[in-house]
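Worksheet: one structure, shown below.
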Amino acid sequence: MPKSKFLCVFSLSLLFLVSLACFSAAASSVLDDLRLAGSSFPSVHTKKLIRELNLFPKEEVNVVDGSRVSLMEDPKLVEKRFKFPNLAVPAGISVEDLGHHAGYYKLPNSHDARMFYFFFESRNSKMDPVVIWLTGGPGCSSELALFYENGPFTIADNMSLFWNEYGWDKASNLLYVDQPIGTGFSYISDRRDIRHNEDGVSNDLYDFLQAFFVEHPEFANNDFFITGESYAGHYIPAFATRVHLGNKAKDGIHINLKGFAIGNGLTDPAIQYKAYTDYALDMGVIKKIDYDLINKLVPVCELAIKLCGTDGTISCMASYFVCDTIFGGIMALAGNINYYDIRKKCEGSLCYDFSNMEKFLNKKSVRDALGVGNIDFVSCSTTVYLAMLVDCMRNLEVGIPALLEDGIKLLVYAGEYDLICNWLGNSRWVHAMEWSGQKEFVASSEVPFVVDGLEAGVLKTHGPLGFLKVHDAGHMVPMDQPKAALEMLKRWTKGTLSEVSDSEKLVAEM
Ligand SMILES: *[C@@H]1O[C@H](CO)[C@@H](O)[C@H](O)[C@H]1NC(C)=O
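When you line the sequence shown up against mature numbering (1 follows the signal peptide of the UniProt record, and there is no 0), it's residues -21 to -1, 1 to 489, in that order.
Below, the structure is given as structure tokens:
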């Protein structure tokens, strides 16, 4: 049995190499022109990409020696209320009042995997919706969003925490989960638990959610929304579908899923990879002559993605390497730009500096407050990233129409200066999606998204579907436009996103 398995893996890799070789031959002239031929494609290139997409993979993956850890046996979910050190809390506010929780959940469908999460009760009202946030990567911790985007606080250089005026906990009971397992403070002690696809990811999230609402039955009737960014453009539709199927099958606790939102996500790779050169040309990142050249790669990429489909394996890996030459080609010409925000330079190897988060989460006082024992913090896991590569080029748009038909809302939003998951590619797949309201959605006109009397973005909606292009923002919209992002969350969850007030009409006329 083990023998045949090895053989199988071997012959599959061979197939993979052959398909790569075929592609290399076909595209070599283009690559020569792009002066990429010397980059020993694909291995060096792959490593480079991993560095690019993983912000700082210091640790490979959060694997612990089982004998070293005895955080918990039973029960399956262990949660504690905590207060972060260095957080100034108004006098008279107890840890109980604060409503900040951290916990571990032992995943039932695993040999030994524990999922870490934060839960911040709303600063406004316990009746606010429950919102879960998923950071992408794949393999990056959701704490990146917690501390740099939409969490309750920000970290100062001296490690003091300051309340974020625009934290999403001002309008929701907010969950951050470290997943897929092996990311952040989530850990495994058996490598067989590493996830490779959206089934694994969405089942773990669903199991966690069930356990969470058992722990917090007082929130189970609240509206529930799934949100996230970047590679979560894959996780979110899969997770929403999993929840919806669970509800339909009357499995466990009914989860009051009302909608899902994807920020600068990767959802429909065929459309989004084709949009790279158009976006880069429109934004002046590349010239027309380079555009024509790189576009020669597009048909091969489209074919490769078609072969990958929704559940290919080797074909999906191959399409990843094939299609990535498009992005690689643009970046080779663009110079030192930050592909998360083309207005900026990539500073250091990470493009952004998130080192305060690492410093903060490795402080003993913080780790004691969270109850994470001796578990390391892995901000972005290379192993999780590589394990999910096979999933990367699969099309996750296919499950969305069924959710829309059942009245579950989708908001796709995108900061206009992001290249890697740019607004153009996102807008195109949202428009191309076939569902009963497609015609009306396509025909509906754009309206300004007005915050404080200023146009913060351009919005298009019909029925349960919305698309918002956010001005003056890159990949991480809540980091760049915190106020507009909170306003977006408030209006969307309340169902008032497309309502245009008189003052907004005035702005539109101006
Ligand atoms: C930390 O820095 C902030 C400014 O960024 C300052 O307001 C605060 O007083 C400092 N805290 C300590 C303990 O030094």
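Ideal Cβ positions, reconstructed from N, Cα and C, are used throughout, including at glycine.
{"Item": "Span of the beta strand (DSSP E) around R102", "Value": "Unbroken run through R102: none, as it is neither H nor E."}
{"Item": "Rounded separation between N129 and W147 - CA only", "Value": "5 Å"}
{"Item": "DSSP-derived helix/strand/coil call for L34", "Value": "In this predicted model, L34 has a pLDDT of only 37, less than 50, meaning its place in the structure is not dependable; the value taken from the coordinates is given anyway. Coil."}
{"Item": "Through-space distance from G71 to E419, alpha-carbon basis", "Value": "53 Å"}
{"Item": "Closer than 7 Å: S344 CB and nearest ligand 1 heavy atom", "Value": "no"}
{"Item": "Close beta carbons around M106, own chain, < 8 Å, minus the five adjacent residues each side", "Value": "N201"}
{"Item": "Straight-line Cα distance separating I399 from F356", "Value": "26 Å"}
{"Item": "Closer than 7 Å to ligand 1: residues, by C-beta to nearest heavy atom, in chain order", "Value": "A135, D136, N137 and S139"}
{"Item": "Contact under 8 Å by Cβ, V456 with Y392", "Value": "yes"}
{"Item": "Residue 549: first and last residue of the uninterrupted beta strand (DSSP E) it sits in", "Value": "It is not possible to answer for residue 549, since the shown part of the chain is limited to -21 through 489."}
{"Item": "Heavy atom of ligand 2 within 7 Å of D385 beta-carbon", "Value": "The ligand content of the structure shown is limited to ligand 1, which means ligand 2 is not among them."}
{"Item": "Identified DSSP bridge partners for N317", "Value": "D320"}
{"Item": "Assigned exposure category for V429 - 16 Cβ within 10 Å defines buried", "Value": "buried"}
{"Item": "Under 8 Å between C-beta atoms of V363 and G118", "Value": "yes"}
{"Item": "Reduced DSSP secondary structure (H/G/I, E/B, other) of K343", "Value": "helix"}
{"Item": "C-alpha gap between H24 and K149, whole angstroms", "Value": "Because H24 sits at a pLDDT of 40, beneath the cut-off of 50, its placement in the model cannot be relied upon, and the point is left open."}
{"Item": "Among T361, A313, A435 and E281, nearest to D459 - alpha-carbon criterion", "Value": "A435"}
{"Item": "Local Cβ density within 10 Å of V421, reported as buried at 16 or more and exposed below that", "Value": "exposed"}
{"Item": "When G445, K275 and W414 are compared against S424, the one with the closest alpha-carbon", "Value": "G445"}
{"Item": "One or two residues paired with A150 in a DSSP bridge", "Value": "Answer is none; A150 lacks a bridge partner."}
{"Item": "Close beta carbons around Y210, own chain, < 7 Å, minus the five adjacent residues each side", "Value": "G115, G116, P117 and L245"}
{"Item": "Spatially closest choice to I293 from R221, M372 and R322, by CA coordinates", "Value": "M372"}
{"Item": "Beta-ladder partner(s) of L113, from DSSP", "Value": "G207"}
{"Item": "Cβ-Cβ separation, H175 to V369 (assumed contact under 8 Å), whole Å", "Value": "6 Å"}
{"Item": "Rounded separation between N103 and A92 - CA only", "Value": "34 Å"}
{"Item": "Contacts around L153, its chain only, beta-carbon distance under 6 Å, and the 5 residues preceding and following it disregarded", "Value": "F99, V110 and W147"}
{"Item": "Through-space distance from E413 to R407, alpha-carbon basis", "Value": "12 Å"}
{"Item": "Alpha-carbon spacing of Y252 relative to K62, whole angstroms", "Value": "43 Å"}
{"Item": "Exposure of S101, with buried meaning 16 or more beta-carbon neighbours within 10 Å", "Value": "buried"}
{"Item": "The beta strand (DSSP E) enclosing V429, as first and last residue numbers", "Value": "V426 to V430"}
{"Item": "Bridge partner(s) assigned by DSSP for M94", "Value": "Y84"}
{"Item": "Within 8 Å, strictly: CB atoms of F300 and I134", "Value": "no"}
{"Item": "R470 to L390 span [Cα, whole Å]", "Value": "11 Å"}
{"Item": "Three-state secondary structure (DSSP) of H79", "Value": "strand"}
{"Item": "Inter-residue Cα distance where the pair is L77 and S139", "Value": "17 Å"}
{"Item": "Sub-8 Å separation of F156 and F192 beta-carbons", "Value": "A small fix is needed here, since residue 156 is Val in this sequence, not Phe. In this structure, F192 does not lie closer than 8 Å to V156 by Cβ."}
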